[in-house]
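From first to last, the protein sequence lines stand for chains A and B.
Its first residue numbered 266, the first sequence is counted upward by one per residue in the working numbering.
Its first residue numbered 116, the second sequence is counted upward by one per residue in the working numbering.
For every residue, glycine included, the Cβ atom is placed at its ideal position computed from N, Cα and C.
From a predicted model like this one, the values you see are computed outputs, not experimental measurements.
Beneath this line is the structure, given in structure tokens, with notes to follow.
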Amino acid sequence: MNRRFLIRCGLLLTAWLMATAMGPCAFFKPTQPELPSTKPIPTDFSTPTATLATLALGMEDKSGNGQNVYLSALAESTEANSGDGRGFHAFFDIRDMIEVPPHDPDWTRDLEPSVYNLLVQRYSLPFEMTWEPYEPAGNETGTVDDSLLHRKYRIVTVSSVGNTVTRTTIAVGAADLSFVKSQRDVGKWVIAAWQDFRAIGSDSALVTLGHRRLESR
Amino acid sequence: MTSPRRLLLLVIPLALGLGSYVLPGRAQETPQGRFAFADTTLLRDTLGLTFEGLFPIADSLGMPPVDLRALSIRYRYTLPRLLKLSDSLHMVVDSVGEYMLRERYNPLATTARRRGNQFTYRSTYDITRTDSRWNNTTDFFVPFGKVLISGSSGSEFHRAQAGGRTSLDQSRTLSTRAGWTFSKNLSATASADLSSLNNGTRGSLYNSKNDDNKYSLSGTSKFQPRRGTTSEFSFSGGAENYNGSDQQRKSLNGGLTGRLRNVSGSWFTHDASGGFSGDVGDSRVPGQADYLRARSSNANLRGTLGLFSNAPIGLNLNYSLRNQRYETPTDSGVVFPVLSGSNGIDMSLRFRLDNNRYITVAPRLASSNTAAANSPQSQNTRRDRGVNVSGRYEFLGAALDGSFVRTLTTTKYPKRGGDAGGYAEDRDSRSVQGSMNWQLTRKITAKLTGEVDLDRLRYSILGSFLNPPVPRDQYGQSYRADATYAFSKQFDTHLGVEVRRSLFVNIPAASTAANTETRGYRAVWDWKFALLSGLTVNQNNTLNANYTYYTFLPASADRLVLDYFTSTRIDADVTRSLRIGIKNDFRYTPTGGFAPLDPPNDNGNSYFSQSDENFQSVLSANMSYQLGSAITLSVTPIYTATDRKGFTEGIAVPQTSTRSLGMNGSANLNIPIGRKGTLTGFLGKTFNADHRINYNSGVPDSQPRVEIDFWSGSLALSWDL
Numbered sequence: 266m267n268r269r270f271l272i273r274c275g276l277l278l279t280a281w282l283m284a285t286a287m288g289p290c291a292f293f294k295p296t297q298p299e300l301p302s303t304k305p306i307p308t309d310f311s312t313p314t315a316t317l318a319t320l321a322l323g324m325e326d327k328s329g330n331g332q333n334v335y336l337s338a339l340a341e342s343t344e345a346n347s348g349d350g351r352g353f354h355a356f357f358d359i360r361d362m363i364e365v366p367p368h369d370p371d372w373t374r375d376l377e378p379s380v381y382n383l384l385v386q387r388y389s390l391p392f393e394m395t396w397e398p399y400e401p402a403g404n405e406t407g408t409v410d411d412s413l414l415h416r417k418y419r420i421v422t423v424s425s426v427g428n429t430v431t432r433t434t435i436a437v438g439a440a441d442l443s444f445v446k447s448q449r450d451v452g453k454w455v456i457a458a459w460q461d462f463r464a465i466g467s468d469s470a471l472v473t474l475g476h477r478r479l480e481s482r
Numbered sequence: 116m117t118s119p120r121r122l123l124l125l126v127i128p129l130a131l132g133l134g135s136y137v138l139p140g141r142a143q144e145t146p147q148g149r150f151a152f153a154d155t156t157l158l159r160d161t162l163g164l165t166f167e168g169l170f171p172i173a174d175s176l177g178m179p180p181v182d183l184r185a186l187s188i189r190y191r192y193t194l195p196r197l198l199k200l201s202d203s204l205h206m207v208v209d210s211v212g213e214y215m216l217r218e219r220y221n222p223l224a225t226t227a228r229r230r231g232n233q234f235t236y237r238s239t240y241d242i243t244r245t246d247s248r249w250n251n252t253t254d255f256f257v258p259f260g261k262v263l264i265s266g267s268s269g270s271e272f273h274r275a276q277a278g279g280r281t282s283l284d285q286s287r288t289l290s291t292r293a294g295w296t297f298s299k300n301l302s303a304t305a306s307a308d309l310s311s312l313n314n315g316t317r318g319s320l321y322n323s324k325n326d327d328n329k330y331s332l333s334g335t336s337k338f339q340p341r342r343g344t345t346s347e348f349s350f351s352g353g354a355e356n357y358n359g360s361d362q363q364r365k366s367l368n369g370g371l372t373g374r375l376r377n378v379s380g381s382w383f384t385h386d387a388s389g390g391f392s393g394d395v396g397d398s399r400v401p402g403q404a405d406y407l408r409a410r411s412s413n414a415n416l417r418g419t420l421g422l423f424s425n426a427p428i429g430l431n432l433n434y435s436l437r438n439q440r441y442e443t444p445t446d447s448g449v450v451f452p453v454l455s456g457s458n459g460i461d462m463s464l465r466f467r468l469d470n471n472r473y474i475t476v477a478p479r480l481a482s483s484n485t486a487a488a489n490s491p492q493s494q495n496t497r498r499d500r501g502v503n504v505s506g507r508y509e510f511l512g513a514a515l516d517g518s519f520v521r522t523l524t525t526t527k528y529p530k531r532g533g534d535a536g537g538y539a540e541d542r543d544s545r546s547v548q549g550s551m552n553w554q555l556t557r558k559i560t561a562k563l564t565g566e567v568d569l570d571r572l573r574y575s576i577l578g579s580f581l582n583p584p585v586p587r588d589q590y591g592q593s594y595r596a597d598a599t600y601a602f603s604k605q606f607d608t609h610l611g612v613e614v615r616r617s618l619f620v621n622i623p624a625a626s627t628a629a630n631t632e633t634r635g636y637r638a639v640w641d642w643k644f645a646l647l648s649g650l651t652v653n654q655n656n657t658l659n660a661n662y663t664y665y666t667f668l669p670a671s672a673d674r675l676v677l678d679y680f681t682s683t684r685i686d687a688d689v690t691r692s693l694r695i696g697i698k699n700d701f702r703y704t705p706t707g708g709f710a711p712l713d714p715p716n717d718n719g720n721s722y723f724s725q726s727d728e729n730f731q732s733v734l735s736a737n738m739s740y741q742l743g744s745a746i747t748l749s750v751t752p753i754y755t756a757t758d759r760k761g762f763t764e765g766i767a768v769p770q771t772s773t774r775s776l777g778m779n780g781s782a783n784l785n786i787p788i789g790r791k792g793t794l795t796g797f798l799g800k801t802f803n804a805d806h807r808i809n810y811n812s813g814v815p816d817s818q819p820r821v822e823i824d825f826w827s828g829s830l831a832l833s834w835d836l
């Protein structure tokens, strides 16, 4: 009986070793993916407009250090003594809040990686993000330490075959963007508030980044 | 013998009242050995059917136990009866029920004539909150010498309220068939199927009405050219007249089917069946002057060849061919054909010492073409090539099961992007699975399972299509250890631990941001205890943790999802007439990031940074009281509470909170009326109340309470003459 028991234990041990120690052989090894670009993103936060351009570059470089650059354009208040002095908050178009309940009523910088991840996970083609002035929202204002810009943004995926390039919009909308100067980095403009709206015209039927934010939760 | 007993103490650290004396209970006995981990809830008696030997039979047939059980319930056959019929009819188990139903109307089936005259009337009235349905059906069956007359008629009136309007849908059907038996091998059947449908809503523009009448004549002959060979051939022909608000159509159809079985000794069997059918019809949209002519055809052949089925080395080969052409007239006056088809061959070569020691090699080739959804005139094609090697070896009380599967699939979608073209997908699927089932002692059974699989998906462009999917690999591996301990018929418990790892690998650099590695850990503990005779407690506990790492994103993107679930159920037979079941489920799911601390606090470890959490608790009960054999009263309350919280800078902020109460009370009837009548059904009332609170920055915004209650019922009177 003891011998039988030892044989059983031997079988068990062999099975366990085969299962855990040996690991998958080459036949079951996934292909090594192409390595993403490691070229650093040039960052410029010297003006509110430059901050928006840097944020767009961060969105586009989704396979590299893009997320960190994207997030660094948003105000950070949680770091003791070294924050930007204000925290980032995003607000939504009421129609998006009705369409995607339940929602996080207070959208902060901590939640922003979730929308970034949602976009890069759902859309595998390269991104382009563009900003343009948005006159229907009224005049822009600003002082030495803060600024309010009205901009229309658009995020698209880009696919190309030969010389033909196709862009498909994945988020478009208008935003009232409040900027403040960082207390930590002198001369750095960061976004403190992002009031999202659906753009007027044909783009009003498309999904806003605010909608994507709510979706990502 | 002492070592396993010590192991017993290590593996199952349970002392829940095991020392106490327990009375015999109703707990489901746990199957032993290789089937110790099977889902024993499948063994519960249903409709008077028992499922003795379900797991070994399903295993030997190579089908899931749940499917075999469903067949048994659907056709009201016990498992031994199903097996016997399958064997005598020479067909797979899942075809037996349908075949036997069809044979009721076969004039050549001698048992049909023995049943005598039958007449059944059934009237059913169903009512719910927004609709009511009155259904009347009559079935008749009259053998008259060599003639069998059978059929059914029915009518249904369905009233529904929606948008302030009441709609009334009426349908009437009459199906009659008469069969003549000319000899024991030759018969003919004439049938007429008439139906009328009228959908109407007062004041609506979209009311519709149609009449569909079908007439057919068919003949069946059986022929046995020599010993060991049997054949059956049938032909059919008929006409159809469809007159509807949407279309008017007149058509003729015909078909020929045949079945051939050849048996030689115990080493050779060959079953083949095939058929061809076609129809030609003229159709038009009401109001149009001209009819459009459309033709359709369908041809198929399938067969099974068996060589040395009961020998140590045996071969089984299946083949099938199918081609279909279907012409569709369009509103624009054009007829276009839709083509589809499939063919395939698979073979299994089995080397067998006995049922517990064998290896099977099964290669497979198949191809199919189907109409593309966005362009029915073009076809998507699929080609599969694969091999499956599986085996089992049992010795020294341990059973080793293993399988290896490799499948190469090429699918082409030439019109996925319309005229711009489409893409082709090459999928290479590989998997290997192994398990060891080991009955350690009479009471303890252990099982180890390991599995590795890899899917490789590659794409090529057809035409100038711009958006093919991203080439990627999906890899998964899992290891699982389970142990059951059956202390007695009254108490048993199960413990399981599983570790999973999966990789999602997009190949192009532009898409690698979505690449993930997910590590999952799962622990399960459940137990069942018959505390007293008629009082059983079941509990299931599950812990789940899934760590998702984004290979090429900063650690701040990594996620952790935790899930704790416990479910407790108490079933009590208080008296012979009163039964009570109470169930409580509780689920808690915190989620959030899993990343190192920001510099300078980063010490190399990752920490859980919770972003939200969900609670869900469900308490439900089911109480039933039986008044004699005719009436059963039941009450089913259910209370559900959910809470969702978000975390902002480490502080929990409530987001939503819901509470709902549902209550259903009903009386179920099963009253015999005379010797041949039955009144069955139920009458019940349902009540639901929901209350939701949304929180804005922690401030509650209570939504109005929503309450709804309504009566529902169903009464059915059936009468046999």
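Which residue from the options puts its Cα closest to that of residue i?
i, options, result
"Phe357/A", "Met324/A, Pro366/A, Glu397/A", "Pro366/A"
"Tyr664/B", "Thr296/A, Gln460/A, Asn382/A, Glu299/A", "Asn382/A"
"Gln871/B", "Gly177/B, Asp174/B, Arg759/B, Leu646/B", "With chain B represented from 116 up to 836, any question about residue 871/B goes unanswered, as that position is not in the structure."
"Met324/A", "Ser311/A, Leu474/A, Gln460/A", "Leu474/A"
"Thr747/B", "Arg774/B, Arg807/B, Ser482/B, Leu693/B", "Leu693/B"
"Gln363/B", "Thr564/B, Pro444/B, Asp688/B", "Pro444/B"
"Arg637/B", "Asn659/B, Asn655/B, Val208/B, Leu650/B", "Asn659/B"
Taking DSSP's pairing of strands, which residues face residue i in a bridge?
i, result
"Gly353/B", "Ser331/B, Asn368/B"
"Leu468/B", "Answer is none; Leu468/B lacks a bridge partner."
"Pro787/B", "Thr793/B"
"Tyr406/B", "DSSP output for Tyr406/B lists no bridge partner at all."
"Trp295/B", "Val262/B, Ala303/B"
Could you compute how far the alpha carbon of residue i sits from the alpha carbon of residue j?
i, j, result
"Asn621/B", "Asp375/A", "27 Å"
"Ser617/B", "Gln589/B", "7 Å"
"Ser247/B", "Asn314/B", "15 Å"
"Gly448/B", "Val400/B", "9 Å"
"Thr281/B", "Phe797/B", "25 Å"
"Thr524/B", "Arg542/B", "5 Å"
"Leu301/B", "Asn251/B", "35 Å"
"Gln339/B", "Tyr214/B", "21 Å"
"Gln448/A", "Gly352/A", "12 Å"
"Ala539/B", "Val430/A", "21 Å"
"Leu836/B", "Ser267/B", "14 Å"
"Asp597/B", "Gly611/B", "4 Å"
"His415/A", "Ala436/A", "17 Å"
From which residue to which residue does the beta strand (DSSP E) around residue i run?
i, result
"Glu400/A", "Counting along the chain, Glu400/A falls outside any beta strand (DSSP E), and DSSP gives it neither H nor E."
"Asp209/B", "Unbroken run through Asp209/B is the alpha helix (DSSP H), 208-218; no beta strand (DSSP E)."
"Ser735/B", "721-742"
"Lys530/B", "Element bounds for Lys530/B: n/a, residue is neither H nor E."
Following the continuous alpha helix (DSSP H) through residue i, name the residue where it begins and the one where it ends.
i, result
"Arg334/A", "The residue you asked about is not Arg; residue 334/A is Val in the sequence shown. From DSSP, the alpha helix (DSSP H) with Val334/A extends over 331-337."
"Gly475/A", "474-480"
"Ala185/B", "180-190"
"Glu271/B", "No alpha helix (DSSP H) contains Glu271/B, which is instead part of the beta strand (DSSP E) from 262-277."
"Phe293/A", "Unbroken run through Phe293/A: none, as it is neither H nor E."
Quick one: which chain D residues come within Cβ less than 8 Å of residue i?
i, result
"Glu299/A", "Absent here is chain D; the protein component of the structure consists of chains A and B."
Just checking, does the stretch 425-434 of chain B make contact with the stretch 389-397 of chain B on the three C-beta pairs under 8 Å criterion? The stretch 425-434 of chain B vs the stretch 389-397 of chain B: no contact.
Tell me whether the stretch 590-601 of chain B and the stretch 388-403 of chain A touch, counting them as touching only if at least three CB pairs, one residue from each stretch, are closer than 8 Å. The stretch 590-601 of chain B makes no contact with the stretch 388-403 of chain A; the number of CB pairs closer than 8 Å stays below 3.
I'd like to know if the stretch 700-718 of chain B and the stretch 737-754 of chain B are in contact, where contact means that at least 3 CB-CB pairs between them fall below 8 Å. The stretch 700-718 of chain B and the stretch 737-754 of chain B do not touch, with fewer than 3 CB-CB distances between them shorter than 8 Å.
Cβ contact (3+ pairs, closer than 8 Å) linking the stretch 296-309 of chain A and the stretch 620-634 of chain B: Taking a cut-off of 8 Å on C-beta distances, the stretch 296-309 of chain A touches the stretch 620-634 of chain B, as three or more cross pairs fall below it.
Are the stretch 786-801 of chain B and the stretch 811-830 of chain B in contact at 8 Å, needing three or more beta carbon pairs? Counting C-beta pairs with one atom in each stretch, the stretch 786-801 of chain B and the stretch 811-830 of chain B have three or more that are closer than 8 Å, which means they touch.
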